[in-house]
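Going line by line, the protein sequences match chains P and V.
The first sequence begins at 1 in my numbering and counts up one residue at a time.
The second sequence begins at 231 in my numbering and counts up one residue at a time.
Just so it is clear, CB atoms sit at the ideal spot from N, CA and C, and this is done for glycine as well.
In what follows, a structure is listed as structure tokens, so that the remarks can point back to it.
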Amino acid sequence: MIAAIAARGLTRILPGPVPTVLVEEIDLDFAPGSFTAITGPSGSGKSSLLYLLGLLDRPSAGEVLVEGAPTAELDDDTRGDLRLERFGFVFQFHFLLPEFTVLDNVILPMRELGQLSAAAMRARGEALLASLDMAELARKLPGQLSGGQRQRTAIARALANDPRFILADEPTGALDTRNGRAVFAILRRLAEEGRTVIVVTHDETLAALTDRRVQLIDGRLAVDAPVQDR
Amino acid sequence: MPLALDIARAHLLGRRRQSLVAVLGVTLGVAFFIAMSAMMHGFQNYFRTQIVDSNPHIMITDEIRRPARQPLALLHPEAAVAVTRVLPRDPVRGIANAGAILDALGRMAGLAAAPTLRGQLILRRAGRDYAVAALGIDPVREARVTQLAGNLVAGSLDALTRQSNGVILGRALAVKMGAGLGDTITGVATTGASAALRVVGLFSTGIETQDLGQVYLQLAREQALENRPLVVNEIDIRLDDITRSVAMAKEIEGRFGFKAAPWEETYSRILAVFLLQNIIMTTVTGAILVVAGFGIFNVISTVVLEKARDIAIMRSIGLSRRVIVRIFVIEGALVGSVGTMLGWLVAMAMAAGIARIPAPGATDPNETMRVAQSVDLYVVASLIAMAAAIGAAWLPARRAARTDPLAVIRGAT
Chain P
1 MIAAIAARGL TRILPGPVPT VLVEEIDLDF APGSFTAITG PSGSGKSSLL
51 YLLGLLDRPS AGEVLVEGAP TAELDDDTRG DLRLERFGFV FQFHFLLPEF
101 TVLDNVILPM RELGQLSAAA MRARGEALLA SLDMAELARK LPGQLSGGQR
151 QRTAIARALA NDPRFILADE PTGALDTRNG RAVFAILRRL AEEGRTVIVV
201 THDETLAALT DRRVQLIDGR LAVDAPVQDR
Chain V
231 MPLALDIARA HLLGRRRQSL VAVLGVTLGV AFFIAMSAMM HGFQNYFRTQ
281 IVDSNPHIMI TDEIRRPARQ PLALLHPEAA VAVTRVLPRD PVRGIANAGA
331 ILDALGRMAG LAAAPTLRGQ LILRRAGRDY AVAALGIDPV REARVTQLAG
381 NLVAGSLDAL TRQSNGVILG RALAVKMGAG LGDTITGVAT TGASAALRVV
431 GLFSTGIETQ DLGQVYLQLA REQALENRPL VVNEIDIRLD DITRSVAMAK
481 EIEGRFGFKA APWEETYSRI LAVFLLQNII MTTVTGAILV VAGFGIFNVI
531 STVVLEKARD IAIMRSIGLS RRVIVRIFVI EGALVGSVGT MLGWLVAMAM
581 AAGIARIPAP GATDPNETMR VAQSVDLYVV ASLIAMAAAI GAAWLPARRA
631 ARTDPLAVIR GAT
């Protein structure tokens, strides 16, 4: 079976007087519908690996294959198009546009993709919010939401274009334990729907809620094992 | 609404006060550009119309600018002969064969011609002397060539035709002399000849030098005073199509040999001053629009800095650099277009206000400032404003598009 996302000899070095190695020689395959946690101590390269896998960054060596297709030669616009269509990102901070309502934030990627009518976009946006128990907050501004509600809005936005891959970078970092667990429950549901979910977390408890745990230490792959006891 | 426009609108509404200041900058720039230009053009158009209406479009004078071709060159037209340093004939006193020239001009289509003898005259009244230019005219022909008849505020050209010793004065001169219709004044020519002249008309052109320094007599009377019987030293021509003045003057001078100056040449200094005025005015008011551009640059630069996270997330979602540039250029265009439209309204109000201000130095106390608004002015002001607005937005927009989303996201986390 072709991996949804695959890393081959993935290395990222920040140039400078003293070059900084972020990740080094990473080989990983992520199967469709898998739910993987990338863990490791602070500065181990977790987020850097996620950005490489999500085509937000370019590797210094090695490459990322998306559904078997190499991405190294793609220009920025094509990588952007690929992200828009197939990837959904959730960051530690929600990064919602403060002037837009919750619903407008959710449908923003749909508007850029431009495949649906305005009515269809709104209907889909409202359905996504409803699936995350946010239906009644659709007309609110982000500033009127709690942290957990904002993060759920960000997840709804990540799902706007029905992506095959969800990449989340410390999505619970700014949330309390209850909201953190709720977010992970949503991510699990998304994986069960067939999406490939990769989540970076430093919280081993939450990582234990996934199917597979990849641990990095000093930019190198230290552990790659299924989670035995969820 | 397109996504980029929606985001741009949200950004500007998010910084209402700063956006309003930027809009007002454009508004003032556009308004001043249009109002000042309209005032300047109004004055210039008025002046130009006065010149064109009150004066001949082409003036033939008894001056020869080009020397006659030399016999040697005529004998060997194809030979490599160069005759240099040939001077034209000495200025002749009067236009030779003026009658024949007038007949020939009379046969040409699209023009009317009138003979004039221009001389100097001292008008004497109540013990005071007034030096003026005396124009001996044929009143019937003159009526076809200049607006003298239309400029008469009292009396008539017919009266001059009937009255061989009649004189038409500028109203301003008449006021200065304390003379009125029917009064008799003494005219003394440079020859020493004098005549008792009866005021049969008063004119007003609005051009002070003419209203104070020019009088009209019958051609025969002026010829008698100048002791130059049958002589004219000027033939004035009026064209049906004023745009042909330069070409026609060239043709006439080439045909008859005497200097034929189109009105553009006669008033070239004034037209050059107008040109300079326009350049200065356009530069100054254009500078206001450029300053307005700085205001737009300021507000959009601030938005770009403030919205770095938004830009980063939009880029990470997959919005292209082009879309990011479009968002901020649209912001500039929105500020520019709203400011421009408000500028139009303010300009209209300013122009209406200016048009009520009494014209300084006008001979008619009811005369107000002239304002010439044209669609062209509005279009030019709008184009400059929009170019300044979009140009000012372009730089921060490019910087926004170059934002590295990872740098911002990493910085945030």
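Within chain P, partners of V:Ala627 - CB distance below 7 Å: By Cβ distance, chain P contributes nothing, its closest Cβ being about 17 Å from V:Ala627, past 7 Å.
List, in order along the chain, the chain V residues whose C-beta lies closer than 9 Å to that of P:Arg213? Simply none; closest approach about 21 Å.
Answer yes or no: does any C-beta atom of chain P fall closer than 7 Å to that of V:Asp540? yes
Length of the line joining the Cα atoms of P:Leu187 and P:Gly125: 18 Å
Quick check on this structure: which residue in V:Leu432, V:Gly422 and V:Asn327 has the alpha carbon closest to the alpha carbon of V:Gly412? V:Leu432
Does the contact criterion of 3 or more C-beta pairs under 8 Å hold for the segment 351-364 of chain V versus the segment 379-386 of chain V? no
Compute the Euclidean distance between the alpha carbons of P:Thr201 and P:Thr172, then round it to the nearest angstrom. 8 Å
My guess is that V:Arg355 and V:Asn395 are in contact by the Cβ rule of under 8 Å, so how many angstroms apart are they, rounded? That pair is no contact at about 15 Å.
What is the DSSP secondary structure of V:Met338, counted as helix, strand or coil? coil
Compare the C-beta of P:Glu112 with all C-beta atoms of chain V and state if any pair is closer than 7 Å. yes
Give the range of the alpha helix (DSSP H) segment to which V:Thr435 is assigned. Neither: V:Thr435 is in no alpha helix (DSSP H) and is coded neither H nor E.
Is there a Cβ of chain P sitting closer than 7 Å to that of V:Ala240, yes or no? yes
Would the beta-carbon of V:Val553 fall within 7 Å of that of V:Ala627? no
Backbone secondary structure at V:Ala361 - three-state DSSP: strand
Hey, quick one: how far does the alpha helix (DSSP H) through V:Ala450 stretch, first residue to last? Leu449 to Leu455
Looking only at DSSP bridge pairs, what is V:Tyr446 linked to? V:Leu365 and V:Ile398
Buried or exposed for V:Met270, going by 16 or more other Cβ atoms inside 10 Å? buried
Same chain, Cβ closer than 7 Å to P:Arg157, five either side skipped, listed in chain order: Asn105, Val106, Leu108 and Pro109
Taking the C-alpha atoms as reference points, what is the distance between V:Leu335 and V:Glu481? 11 Å
Provide the residue span of the beta strand (DSSP E) that contains P:Arg12, from first to last. Ile5 to Leu14
Are P:Asp57 and V:Leu636 closer than 7 Å when you measure CB to CB? yes
Output needed for P:Arg79: all residues of its chain with C-beta closer than 8 Å, excluding positions within five of it in sequence on either side, in chain order. Leu55 and Thr71
Under the DSSP definition of a beta bridge, which residues are partnered with P:Pro226? P:Arg212
Would you mind giving the Cβ-Cβ distance between P:Pro142 and P:Arg150, rounded to the nearest angstrom? I have them listed as a contact below 8 Å. 6 Å
Is it the case that the segment 4-16 of chain P contacts the segment 25-36 of chain P, given that we only count it when at least three CB pairs across the two stretches are under 8 Å? yes
Is it the case that the CB of V:Gln453 approaches a heavy atom of the ligand MG more closely than 6 Å? As presented, the structure is devoid of all ligands, the ligand MG included, so that no description of it is given.
Report the neighbours of V:Ile530 on chain P: residues whose CB is nearer than 7 Å to its CB, in chain order. By Cβ distance, chain P contributes nothing, its closest Cβ being about 15 Å from V:Ile530, past 7 Å.
Does any residue of chain V have a CB that is nearer than 7 Å to the CB of P:Glu63? no
Where the beta strand (DSSP E) through V:Met289 begins and ends: Ile288 to Thr291
Under a three-way DSSP split, which group does P:Arg150 fall into? helix
Checking contacts by CB at 7 Å: is V:Gly641 closer than that to chain P? no
Using 7 Å as the threshold, is the C-beta distance between V:Leu455 and V:Ala423 below it? yes
Please report the Cβ distance between V:Gln453 and V:Gly366, rounded to the nearest whole angstrom; I am assuming they are in contact, meaning their Cβ atoms lie under 8 Å. 6 Å
Can you look up V:Leu549 in the DSSP assignment and give me helix, strand or coil? coil
Thinking C-beta only, is P:Asp169 closer than 7 Å to P:Phe91? yes
Contact between the segment 486-496 of chain V and the segment 213-221 of chain P (3+ Cβ pairs under 8 Å): no
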